[in-house]
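2 protein chains.
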Amino acid sequence: MPPEGRAAARKKAMIDLAAALAHVVADSRPLLPRRVRLEEGRGRRLVEPIVADVDSPPWNRAMMDGFAVRSADMVDGAGESAAPMSLDVVVDLAAGDASSLEIRPGSCARIMTGAPIPVGTDAVVPIECAVEGTAGVHAGGVVRLHDPRFRAGQHVGLQGCAFRAGAEVLPAGTLLTPAAVGLAAEAGATHVVVVPRPRVAILSTGSEIVAPEALPRFGQTRNSNGPMLAAAVAALGGEPVALGTAVDRPEPLRAAVSQGLAADILLLSGGVSAGDLDLVPDTFRRCGVEKIFHKVRLKPGKPVWFGCFTRPDGGGRCLVFGLPGNPASSLVCFDLFVRPALASLLGWPQGRLSLPRRRARLGGGAKGAEDRPVYAPCRLESGDGGSLVAHPLPWTGSSDLVGLAVADAYLALPAGVRRAEAGDDVEVVMLRDDSERV
Amino acid sequence: MPPEGRAAARKKAMIDLAAALAHVVADSRPLLPRRVRLEEGRGRRLVEPIVADVDSPPWNRAMMDGFAVRSADMVDGAGESAAPMSLDVVVDLAAGDASSLEIRPGSCARIMTGAPIPVGTDAVVPIECAVEGTAGVHAGGVVRLHDPRFRAGQHVGLQGCAFRAGAEVLPAGTLLTPAAVGLAAEAGATHVVVVPRPRVAILSTGSEIVAPEALPRFGQTRNSNGPMLAAAVAALGGEPVALGTAVDRPEPLRAAVSQGLAADILLLSGGVSAGDLDLVPDTFRRCGVEKIFHKVRLKPGKPVWFGCFTRPDGGGRCLVFGLPGNPASSLVCFDLFVRPALASLLGWPQGRLSLPRRRARLGGGAKGAEDRPVYAPCRLESGDGGSLVAHPLPWTGSSDLVGLAVADAYLALPAGVRRAEAGDDVEVVMLRDDSERV
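Residue numbers (the numbering used here), protein chains in the order written: chain Y, 1 to 438; chain R, 1001 to 1438.
Quick look at the structure:
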């Protein structure tokens, strides 16, 4: 085959970014819901609704400190000012007290906020309404109310006015915000059914890779992908499972990959380009992972590999990503492909799977590529009238995290744009929301 | 004292929301920075910069699979097409291999991505450029390159081109994004100095309060504040410390409060209004907590108490919040007062301490109050041209979480607005960002 034909054949194996993303999304489905403790469910969406097992309030509750009275004894609230009146205080009720004593006409109960109002009463007169000197009376004394204009139900939380036992207080799909967690607790839901946090196994391969705590010798490189991908997984609500590093030899690699296939997603980095020691695609094959694509028209990140492993015992599936070993390439592939997969497993709505894209004005020159779209780090600045200005950050290539570490967004230049200039209208892929840029 | 005078005196003790917030912020200072494992630091801001202990790349690294060559042997990249040339392959180098062999003129090394290029070489020719049949040659063979136009440095990651040992790769203040975590790991930072997660003790008081797993008997109420406040603390990056419940008796309450004062913030709910059993302010005093304010012109949330405890042994301080027992009141006070305190302790910038406020058009009638601002749950909808429409949610009062559980924002009606109508321009306090509303 002439050189050009060979190159063409190589290129043919590559697919477009949009096609690759479509494959990933098609193969990513929400995980089976699981019952977890309410505490573990916070920040996630309910798969099953929550039905209350009690009324709220659970009984007629005093909402202020004062005196529980019979409204029939009182002057109607709509009337004009009335003379002070006296009532016998027959019982003292604190929160937690549950008296069965009935209050008769001309009597009342001294009551604290949070206590059930006793039988016979239907309103609470706040302590501020007692004539001075009688505000402190207890059972056995007489309280004088300087203005007894109160209506039935006043300062009483009526049983069931917020919700009734049997009511669906939180429908399926509700995000468990702090208020929703409080409501679930009140309604008796000690457990909730949510999509579980996907377990994401993370494996860095390459005989040159050493742990971050080591001082690398000549020829060695620290494992930066491991901590970086774990942080990215955790930030999205996944559960990173660190598998450490594996050398470029078939048996250790196969053992590590097999372990990773027990997770919902396996992120392996390194060993996916074209050389002799690219054992990774071969290892995936031997482990029974079905290849969906290998190589995407994208810079950086071209060598990315994606496949799917179906556990033989009906035990679910594992999405398998072979990410490039260079950390910047690895992160771009995470953001473009792994993030949508993880978000799908978490049951996020379709519109939120990918990072949001916006238009911006370029603040300085940037280099693109003829054959592939380029994703490069940039900083964003607010321009006139809510517009954005994208300033390219210094970037020396696919192993360079310096610019990405402080980037607000990727500057996304389409294939064919070899160079963009200051002032050009460009697309950016948002890495942080606006508030994080402050 | 005549009734009006008494009421006026009570009102005088109350302070305005803005004054209360100013007190809270004035007493909240970032916690002392702590050295934590890199993994624990993710998502937080560096207090101390990270200085690299290695170059990046750490040596001249092959960026593609192919042949490490001497550019002096090659045809200059700028020239026109050249005839194929042959080179002796003298060594095979995989990632992790660190050969000291020098490559002499007319020779080359077979090399894999990630390996150091050997002494004497300064460029990598990708495997795709080998004439078919010679692409697979190893040490001892001869490779033929069909197009030997390469420049020095081509496909080589030059030592130190991203950063040099001794360089500050992440300045103080940098947010530890996934890329920053990867960069820190590469630079040798196994630990980072960040503001620690504030420990927030959470105690629900009231003899009527039972654990969420209990079925409340007559007069009892489930502890919904505990799980709710824990969720709110965790969502902001604090570490909730659940202290459970305490009955309304001096000794158990004092013991629980003393335990809570070991935390950075103590959130106690219940027992802060005006009655006989409001042991809480008294208990705070006995425990040495300095009162800063008690009662704020706010609905719901009026009884809120705030103070500060300074540990006698120079062991730092604890901010103490007495929140109302009713869960909706408690949550409003959390969002308006506790959140800014927690964010201050976390070292967030001033402009982000409080929830963001925006203008909206009211989508339905809403009730305010003459004497206090009212915070009520509402749902937001996008209107014309990026505007917002705020729809009030049903809400029966300070114990009702039903509306708050699905609210996007608080509708904030200022004091004196007894009623607002559909179409009015109103202020809303954002509880979720836009993306969470999808």
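Every residue gets a Cβ at the ideal spot worked out from N, C-alpha and C, and that includes glycine.
Residue i vs residue j beta-carbon contact at 8 angstroms
{"i": "I1103 (chain R)", "j": "V1090 (chain R)", "result": "yes"}
{"i": "S207 (chain Y)", "j": "A1094 (chain R)", "result": "yes"}
{"i": "W395 (chain Y)", "j": "A376 (chain Y)", "result": "yes"}
{"i": "P201 (chain Y)", "j": "N1223 (chain R)", "result": "The sequence given here has Ala at residue 201 (chain Y), not Pro. No, the pair does not count as a contact, with Cβ atoms beyond the cut-off."}
{"i": "L345 (chain Y)", "j": "P30 (chain Y)", "result": "yes"}
{"i": "V1131 (chain R)", "j": "F1150 (chain R)", "result": "no"}
{"i": "A1172 (chain R)", "j": "A405 (chain Y)", "result": "no"}
{"i": "A1242 (chain R)", "j": "A1230 (chain R)", "result": "yes"}
{"i": "A62 (chain Y)", "j": "T134 (chain Y)", "result": "no"}
{"i": "T190 (chain Y)", "j": "P1216 (chain R)", "result": "no"}
{"i": "V194 (chain Y)", "j": "R358 (chain Y)", "result": "no"}
{"i": "C287 (chain Y)", "j": "R254 (chain Y)", "result": "yes"}
{"i": "V428 (chain Y)", "j": "L411 (chain Y)", "result": "yes"}
{"i": "A1422 (chain R)", "j": "G1365 (chain R)", "result": "yes"}
{"i": "V1272 (chain R)", "j": "P1303 (chain R)", "result": "yes"}
{"i": "L1266 (chain R)", "j": "F1321 (chain R)", "result": "yes"}
{"i": "R1070 (chain R)", "j": "G1120 (chain R)", "result": "yes"}
Extent of the continuous beta strand (DSSP E) to which residue i belongs
{"i": "S86 (chain Y)", "result": "85 to 93"}
{"i": "G322 (chain Y)", "result": "317 to 323"}
{"i": "D425 (chain Y)", "result": "425 to 430"}
{"i": "C1108 (chain R)", "result": "1107 to 1111"}
{"i": "H1023 (chain R)", "result": "Per DSSP, H1023 (chain R) belongs to no beta strand (DSSP E); it is in the alpha helix (DSSP H), 1017 to 1026."}
{"i": "L1032 (chain R)", "result": "Unbroken run through L1032 (chain R): none, as it is neither H nor E."}
{"i": "T1205 (chain R)", "result": "1199 to 1205"}
Terminal residues of the alpha helix (DSSP H) in which residue i lies
{"i": "R41 (chain Y)", "result": "In the sequence as presented, Arg is not what sits at residue 41 (chain Y); that position holds Gly. 38 to 41 is the span of the alpha helix (DSSP H), which, as asked, contains G41 (chain Y)."}
{"i": "V304 (chain Y)", "result": "Counting along the chain, V304 (chain Y) falls outside any alpha helix (DSSP H), and DSSP gives it neither H nor E."}
{"i": "P1340 (chain R)", "result": "1339 to 1345"}
{"i": "C333 (chain Y)", "result": "327 to 333"}
{"i": "V1257 (chain R)", "result": "1250 to 1260"}
{"i": "R1285 (chain R)", "result": "1279 to 1286"}
Distance cut-off 7 angstroms: residue i Cβ against heavy atoms of the ligand SAH
{"i": "L175 (chain Y)", "result": "Of the ligands one can find in the structure shown there are none, so the ligand SAH has no counterpart to examine."}
For residue j and residue i, the rounded distance between their alpha carbons
{"i": "R432 (chain Y)", "j": "D408 (chain Y)", "result": "6 angstroms"}
{"i": "A1328 (chain R)", "j": "G1314 (chain R)", "result": "36 angstroms"}
{"i": "E1004 (chain R)", "j": "D147 (chain Y)", "result": "Legend: pLDDT at E1004 (chain R) = 45, less than 50; position of this residue unreliable, value from coordinates given subsequently. Distance between the alpha carbons of E1004 (chain R) and D147 (chain Y): 11 angstroms."}
{"i": "L87 (chain Y)", "j": "I127 (chain Y)", "result": "13 angstroms"}
{"i": "D371 (chain Y)", "j": "V1156 (chain R)", "result": "21 angstroms"}
{"i": "G270 (chain Y)", "j": "K295 (chain Y)", "result": "13 angstroms"}
{"i": "H138 (chain Y)", "j": "G66 (chain Y)", "result": "11 angstroms"}
{"i": "L268 (chain Y)", "j": "L336 (chain Y)", "result": "16 angstroms"}
{"i": "F1284 (chain R)", "j": "P1198 (chain R)", "result": "21 angstroms"}
{"i": "E381 (chain Y)", "j": "G403 (chain Y)", "result": "16 angstroms"}
{"i": "C129 (chain Y)", "j": "A152 (chain Y)", "result": "16 angstroms"}
{"i": "D264 (chain Y)", "j": "R317 (chain Y)", "result": "7 angstroms"}
{"i": "R352 (chain Y)", "j": "D1122 (chain R)", "result": "46 angstroms"}
{"i": "V24 (chain Y)", "j": "D16 (chain Y)", "result": "12 angstroms"}
{"i": "P1178 (chain R)", "j": "P227 (chain Y)", "result": "8 angstroms"}
{"i": "R1297 (chain R)", "j": "A52 (chain Y)", "result": "33 angstroms"}
{"i": "L1021 (chain R)", "j": "G1416 (chain R)", "result": "20 angstroms"}
{"i": "P470 (chain Y)", "j": "R1037 (chain R)", "result": "Only positions 1 to 438 of chain Y appear in the structure, and residue 470 (chain Y) is not among them; the question remains open."}
{"i": "M430 (chain Y)", "j": "G1385 (chain R)", "result": "22 angstroms"}
Candidates the options: closest to residue i by CA position
{"i": "M85 (chain Y)", "options": "Y:L145, Y:G166, Y:S107, Y:F67", "result": "Y:L145"}
{"i": "L355 (chain Y)", "options": "Y:A341, Y:S99, Y:G365", "result": "Y:A341"}
{"i": "N326 (chain Y)", "options": "R:V1417, R:L1323, R:P1057, R:L1046", "result": "R:P1057"}
{"i": "E251 (chain Y)", "options": "Y:T205, Y:T310, Y:L401, Y:I292", "result": "Y:T205"}
{"i": "A1115 (chain R)", "options": "R:G1166, R:A1068, R:D1073, R:T1174", "result": "R:A1068"}
{"i": "P281 (chain Y)", "options": "Y:L38, Y:T310, Y:D248", "result": "Y:D248"}
{"i": "E1048 (chain R)", "options": "R:L1021, R:A1109, R:T1221, R:E1168", "result": "R:E1168"}
{"i": "S1387 (chain R)", "options": "R:P1373, R:G1363, R:S1399, R:V1374", "result": "R:G1363"}
{"i": "N225 (chain Y)", "options": "Y:N60, Y:G219, Y:F334", "result": "Y:F334"}
_What are the residues in the stretch 1054 to 1074 of chain R lying within 9 angstroms of chain Y by C-beta distance?_
Taken in chain order, the members of the stretch 1054 to 1074 of chain R whose beta-carbon sits within less than 9 angstroms of a beta-carbon on chain Y are V1054, S1056, P1057, P1058, W1059, R1061, M1063, M1064, D1065, G1066.
Requested in this report: Taking a Cβ distance cut-off of 8 angstroms, strictly less, list which residues of the stretch 1378 to 1405 of chain R are near chain Y, in chain order.
Outcome: Hits within the stretch, in order: T1396, G1397, S1398, S1399, D1400, L1401, V1402, L1404, A1405.
**Report entry** Interface residues of the stretch 160 to 172 of chain Y facing chain R [CB-CB below 8 angstroms]
**Finding:** Those would be C161, A162, F163, V169, L170, in chain order.
Interface residues of the stretch 1221 to 1255 of chain R facing chain Y [CB-CB below 8 angstroms]: Going along the stretch 1221 to 1255 of chain R in chain order, one finds T1221, R1222, N1223, S1224, N1225, G1226, P1227, M1228, L1229, A1230, A1231, A1232, A1234, A1235, V1247, D1248 with a Cβ nearer than 8 angstroms to chain Y.
Along the stretch 88 to 100 of chain Y, what residues have a CB closer than 7 angstroms to any CB found in chain R? Listed by position, the residues of the stretch 88 to 100 of chain Y near chain R (Cβ gap below 7 angstroms) are A94, A95, G96, D97, A98.
- Task: With 7 angstroms as the C-beta to C-beta threshold (strictly closer), list the residues of the stretch 319 to 339 of chain Y near chain R in chain order.
- Result: Going along the stretch 319 to 339 of chain Y in chain order, one finds G325, P327, L331 with a Cβ nearer than 7 angstroms to chain R.
Compile a chain-ordered list of the residues in the stretch 1201 to 1214 of chain R whose CB is closer than 7 angstroms to at least one CB of chain Y.
The stretch 1201 to 1214 of chain R vs chain Y, Cβ under 7 angstroms: G1206, S1207, E1208, P1212, E1213.
Report task. With 8 angstroms as the C-beta to C-beta threshold (strictly closer), list the residues of the stretch 1032 to 1057 of chain R near chain Y in chain order. Result -> Result list: L1038, E1039, R1042, G1043, D1053, V1054, S1056, P1057.
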